[in-house]
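Read through the structure below, which is laid out as structure tokens, and then see the notes.
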Amino acid sequence: MITLAIKNKQDQVIVGRIDHEKEPAPFQVSGDDLAVLAIKNYLYEEGDKIVVEVTGENPYYVLQLDETLAPSLIYLSQSTWEYQIPWTESHRKSSVETAFASQRHHLMVRKAQAFEITNYQNLSFNAHDQKSATGAYPHASANVETRDDSVFFAKNAIDGKYGNRSHGSYPFASWGINQQADAALTIDFGRPVLIDRVRFLLRADYPHDSYWTKGTLVFADGEELVVETTNTASFQEVRFPKKETTKLTYKELQKAEDDSPFPALTQIEVFGWNC
99 MITLAIKNKQ
109 DQVIVGRIDH
119 EKEPAPFQVS
129 GDDLAVLAIK
139 NYLYEEGDKI
149 VVEVTGENPY
159 YVLQLDETLA
169 PSLIYLSQST
179 WEYQIPWTES
189 HRKSSVETAF
199 ASQRHHLMVR
209 KAQAFEITNY
219 QNLSFNAHDQ
229 KSATGAYPHA
239 SANVETRDDS
249 VFFAKNAIDG
259 KYGNRSHGSY
269 PFASWGINQQ
279 ADAALTIDFG
289 RPVLIDRVRF
299 LLRADYPHDS
309 YWTKGTLVFA
319 DGEELVVETT
329 NTASFQEVRF
339 PKKETTKLTY
349 KELQKAEDDS
359 PFPALTQIEV
369 FGWNC
């Protein structure tokens, strides 16, 4: 069973009309395999959140909570998951200005189909990731994010957005390291996965940006793989024998010897299979 609801900051289900011809009712729906909440006229308010509750043994779900977010296959490690509506300007800068700003909404959560779970795919993609760990995976985190500004949050590196020829607000969000020498980004998959390829898209706002010439991938068991990169605006990748892991860390980033102090990562993609 899937239950999908919009709640206010008092944790109460919001009551309203999904259509002008309908009577006021809670903004909450449930379904065995699919839950869709479609609303014609409601503006989100400060503190609003989207709450997903699930039962059953299948932890894989496909969801889309706003038209500006790409549908994402996520792994839920708990029965209740909350998505906080971005409200402050600092948290909205990494999204297009229409994100969660319309009066009309189409929210969808469904059980993932078997082929969506078992096929070879980018296991790190999650357009619905949030800054903090919430029990939905994959999740990106880092030991530094420039100015604690959403346009430089770690989650930007797994959101599926590839604009890398500038920097700052949407559509050029990235993971920014605030010139920190020991910067490291970790992708937590929340379960064992089998991977064999990683792709890197460095931010390429040259000459404002610098780049990394080398970095190290660290798997959950401590095994390390050194990866060389250069100043291209295209994806760079490394392939390796299939490796089971629950997380992947990108660290020991060596900056090029140039005049810019600003290397950054636009996107990282980790390909493989769910175990």
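At position 158 of the sequence shown the residue is numbered 256 (our numbering), and the sequence of numbers has no breaks. Note that CB positions come from ideal geometry on N, CA and C, so glycine has one too. Fair warning: this is a prediction, and the values are worked out from it, not measured in the lab.
- According to the DSSP assignment, ALA362 belongs to the beta strand (DSSP E) that extends over 362 to 372.
- When the five nearest sequence neighbours on each side are left out, the beta carbons in the same chain lying within less than 7 Å of the beta carbon of HIS189 are those of SER248, in order along the chain.
- If you draw a straight line from the Cα of GLN334 to the Cα of VAL316, it comes to about 18 Å.
- A residue is called buried once 16 or more other Cβ atoms fall within 10 Å of its Cβ, and GLY154, having fewer, is exposed.
- In the three-state reduction of the DSSP assignment, ALA212 falls in the helix class, which pools H, G and I.
- Sixteen is the threshold: when 16 or more other Cβ atoms of the shown chains lie within 10 Å of the Cβ of PRO236, as they do, the residue is buried.
- Contact between HIS265 and ALA362 holds: CB atoms are separated by about 7 Å, below the 8 Å threshold.
- Residues of the same chain with a CB within less than 8 Å of the CB of ASP294, apart from the 5 flanking positions on each side, are ARG337, PHE338, PRO339, LYS340, LYS341, PHE369 and GLY370 in chain order.
- By the Cβ-count criterion, GLY274 is buried, with 16 or more other Cβ atoms from all chains shown falling within 10 Å of its own Cβ.
- Around ALA271, the same chain offers SER192, VAL249, ASN254 and LYS259 as residues with beta carbons nearer than 7 Å, after the five sequence neighbours per side are excluded.
- When the five nearest sequence neighbours on each side are left out, the beta carbons in the same chain lying within less than 6 Å of the beta carbon of VAL149 are those of ALA103, LYS105 and GLU180, in order along the chain.
- In this structure, the beta-carbon distance from VAL291 to THR343 falls below 8 Å.
- Ranking SER308, ASN276, ILE100 and GLY313 by CA distance to the CA of GLN176 puts ILE100 first.
- Taking a C-beta distance under 8 Å as the contact criterion, ALA197 and ASP164 qualify as a contact pair.
- Taking 8 Å as the cut-off, the beta carbon of ASN276 is found no closer than this to the beta carbon of THR328.
- Just measuring C-alpha positions, the residue of SER358, ILE112 and ALA231 sitting nearest ASP286 is ALA231.
- At the C-beta level, ALA282 and ALA240 come within 8 Å of one another.
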